[in-house]
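Scroll down for the structure; my scribbles are underneath it.
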C-alpha cells in the first residue's frame, strides 16, 4: 500500500504544472542559436551533419536555463566544451566494449559526483554522458570525430555570442534573488502582526547571499544597488522579531500591541517597495501615511523599554530602506569602490580556479552513505547496463535507453521517479505530435529543420513549468532532427518509445536496488541542526557577555552555519515524507514537534541578537557561563539524538539557576531570551525522548495512522472531504 500511494504521488508530481514566470525572450534567443547551427550545417554540409551539429547548441542552450549565478555565456561555453570533450574521448574508446564500457562507467560516475557542486553542475555533466553515447555512432575516423567535437563546441560558442550581443535583463537573476529576500522579510513582518511568535524561513536570505558572491570580473559591472539591501534585510529581520515578541517586546494587548502592529505593517510596505525597486530598477512608492507611522514621538510614544528600543532601531533601518525604494537604481552607475577585492564582495572563484573548490566539495562525498556517491554509482551502473542491453536489442539508436536513464536520475528518490514518469509521458505525447506532422508534410529536410527549431523554442519556453511538458517538445525535436537526417519515422518513433521506457525502468529499478533513503538519516540531520543552533545561541550570548568585533564575526558565521543545517534538515524531511519506507528513529509526529521546538530555539536566539549591546558595554559574566553550558549541552544532546538516547540539559539548568542568584541582573531581555531557549530545549527533549517500549509502540502507531489516512483517502472520508 505504501508503494502504491507513493507512486500515485510521484505520477501527480511528474505531471504537475509549476506556476512560474515564462521567459519567452530567453527561449527565443536560445532557439536562435540552435537555428544558426542547423541552418549553417544544412547550407554548408548535409542534413545528417546538421542533425549531429545541433546537439551542442541545444544542450549548451539548455544549460543556460539552470539556476546559476555565473554569467550565462560562461555556462554556455563550459557546457559546449564539456560536450565536445566527451564526444571526442568517447569516439577514441568506441569500437570495442572492453574499452568503451569502462570509459562510460568512469565518465558517468564523475558526472554523478558533480552533484556535490550543485544541481547545475550535475545536470550539465549528465548531458555530457548523453553526448558521448550519441556521437560515438556518427564519426568514421579520428578526423571526423574532431570535426564533430569542434562543431558541438561551436554550438556553445554560438549561444555565448548571442548572449553577449543580445543581453536580456542583465543581472536579472541576481535582482530577483535580492528582491525575494526583501519580500520574504516583508511577509514575515506581516505574519508577525497576527502571530507574534511566527518562525522565519531563511532560504530567501541564503539564496540572496549565494547570488551576492561574484567573481572579480562580475564585481566590476555589478549594479551598486545589489550591494547593500541584503545586509539591510539581515539587520531588520531580528528587530521585527524582537518588536513583535510579547515576552521581550511589545505587550500582548493594549496600545503598545497596536503600535507594534502599525510599525510592522509599515515595515512590510517599505520592504515591499524596496523589493520592487530592486527587481525593476525604477523608483517605487510606499503607501500614503507610512512616513507618519514611522515617526517616533518622544513624548507620546506608548512603547517602553526594550520594545521602544526595537521600535527606534526599526525606524532607523526603515529610513535606509526608504532611500533604496526611492533611488530607482540611479546608483547603478556609480564607479566601483577602491580597496581590496575581498573587502568589496563575497568572492566566487573563476572557472579557471575551480579545481581546489571541486576537490573540497567532492572529497567529503566519497563515502558509501553519501547520497551523491550512491547516485554516482547508480548512474555509472545504469549507463553501462543500459548501453549493453540496448546494444543486444534488434533496434537502431540503442543509446536512447541509457540517455533516458541518465537524464532522469537524480540523487533522491522522488525526483528520479517523477522525472521518469514525466519523461515517458512527454515522449509519448511528443512523438505522437511529431509523427502526425511528419506524415502530413512528407520528407523535406529544410521543413523538418524549421520544425526542429520551433520545437526547441517551445521546449525552452516550458523548461521551468514542468519536465513532462518540456520533454514533449524535446521528443518532437528529436523526431524532426532524425527526419531531417533521412531516418524513417516508421522505424524511429516506436524505437524511441520502447527505449525510453527501458531507460526509465532501469533508472527506477536502480534506486530500489541501491537506494539513498533520507528517512533513516533524519536523526542525524536533526542532530546537526541542534548542534549548529547551539553554537549560534552561544555566539549570541558571548556577544552579550563581551561585545567585540571578533565575537560579532563569530556570531555571523554561526548564524550562517545554523541556517545551512536548518535547510539541510528541511530538505531531508521533505524527501523522507515522499519515500515509501517506514520511519526509523523519528516518526512523522516526533519530527514535526522537534522541528517546531528548534524553530522556537532559533527564534529566541534571533531576538537576543537584536539586543546585542555596543562595544563599550560592560561585561556580563552570567551570559558567558550560559554560553559555555549551552554549547556543551547541545553538542552532547546532538550525539544523544544520533544514538537515540534521551537528551539532558543539566548544565543549562545549573547556569540559569546561578544567574537567578546573581546580584543586579543588568540584562532582563537576555535573561528572558535564555528562558525561552530553555523552554524550547525542553520541548525538544519531550519530542524525541522515549523508552524502548514507547519506541516500539510509537512506530506501530505511526504505521496505523498512515494506513488509516490512506484508507480515508480511498473511500473519500478524509477530514478534508467532510461536510461537502
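Residue numbers (our numbering): 4 to 727.
Positions of the beta carbon are idealized from the N, C-alpha and C atoms, including for glycine.
query, result
"Residues bridged to residue 350 by DSSP?", "217"
"Can you give the beta carbon distance from residue 90 to residue 152, rounded, assuming they're within the 8 Å contact cut?", "5 Å"
"Please state whether the Cβ-Cβ distance between residue 534 and residue 641 is less than 8 Å.", "yes"
"Leaving out the 5 sequence neighbours to the left and right, which residues in its chain are closer than 8 Å to residue 531 when beta-carbon positions are compared?", "568, 571, 572, 641"
"I'd like to check one pair, residue 514 with residue 419: are the Cβ atoms closer than 8 Å?", "yes"
"Cα separation between residue 6 and residue 584?", "8 Å"
"Determine the contact status of residue 596 and residue 683, defining contact as a CB-CB distance below 8 Å.", "no"
"Less than 7 Å between C-beta atoms, sequence neighbours within five positions excluded: which residues of the same chain meet that for residue 587?", "522, 523"
"Can you give me the C-alpha to C-alpha distance between residue 13 and residue 254, rounded to a whole angstrom?", "47 Å"
"Do residue 225 and residue 174 have their C-beta atoms closer together than 8 Å?", "yes"
"Can you list the alpha helix (DSSP H) stretches of 4 or more residues lying completely in the stretch 558 to 613, in chain order?", "591 to 612"
"Could you tell me whether the Cβ atoms of residue 409 and residue 426 are closer together than 8 Å?", "no"
"Taking only three categories from DSSP, how would you classify residue 433?", "helix"
"Do you know how far the Cα of residue 183 is from the Cα of residue 611?", "25 Å"
"Quick one: using the 10 Å Cβ neighbour count with 16 as the cut-off for buried, is residue 27 buried or exposed?", "exposed"
"By the DSSP assignment, the alpha helix (DSSP H) with residue 617 in it spans what residues?", "First-last for residue 617: undefined, no H or E at that position."
"Could you tell me if residue 129 is buried or exposed, where buried requires 16 or more neighbouring beta carbons within 10 angstroms of its beta carbon?", "buried"
"Would residue 2 be called buried (16 or more neighbouring beta carbons within 10 Å of its own) or exposed?", "Look at the range of the chain in this structure, 4 to 727, and you will see that residue 2 is not part of it."
"Could you name the residues of the same chain whose beta carbon sits closer than 7 Å to that of residue 341, not counting the 5 residues immediately before and after it, in chain order?", "No answer about residue 341 holds up, because its pLDDT of 38 lies below 50 and its placement is not dependable."
"Our contact map puts residue 268 next to residue 328 with C-beta atoms below 8 Å; I'd like the distance itself, whole angstroms only.", "Incorrect: roughly 16 Å between the Cβ atoms, too far for contact."
"Relative to the C-alpha of residue 424, which candidate in 179, 511, 395, 380 has its C-alpha closest?", "511"
"Quick one: residues in its chain with C-beta nearer than 6 Å to the C-beta of residue 368, no 5 flanking neighbours on either side, listed in chain order?", "119, 375, 376"
"What number of angstroms, rounded off, separates the C-alpha of residue 114 from the C-alpha of residue 88?", "13 Å"
"Given a cut-off of 8 Å, decide if residue 417 and residue 578 are closer than it, judged by their beta-carbon atoms.", "yes"
"Is there at least one Cβ from chain B nearer than 8 Å to residue 534's Cβ?", "Looking for chain B here will not work: only one protein chain is present."
"Can you name the start and end residues of the alpha helix (DSSP H) that residue 69 belongs to?", "Taken as a continuous stretch (DSSP letters only), residue 69 belongs to no alpha helix (DSSP H), as it is neither H nor E."
"Using the C-alpha atoms, what's the distance from residue 516 back to residue 649?", "34 Å"
"Would you identify the three-state DSSP class for residue 442, choosing helix, strand or coil?", "helix"
"Going by Cα to Cα distance, which pick from 246, 442, 231, 291 is closest to residue 326?", "231"
"Nearest by alpha-carbon distance to residue 280: which of 657, 324, 471 is it?", "324"
"Can you give the beta carbon distance from residue 258 to residue 305, rounded, assuming they're within the 8 Å contact cut?", "4 Å"
"If contact is defined by three or more beta carbon pairs under 8 Å, each pair taking one atom from either stretch, is the stretch 94 to 112 in contact with the stretch 238 to 257?", "no"
"So, using beta-carbon positions, are residue 243 and residue 317 closer together than 8 Å?", "yes"
"So what does DSSP say about residue 327, is it helix, strand or coil?", "helix"
"Between the C-alpha atoms of residue 137 and residue 191, what's the straight-line distance to the nearest angstrom?", "50 Å"
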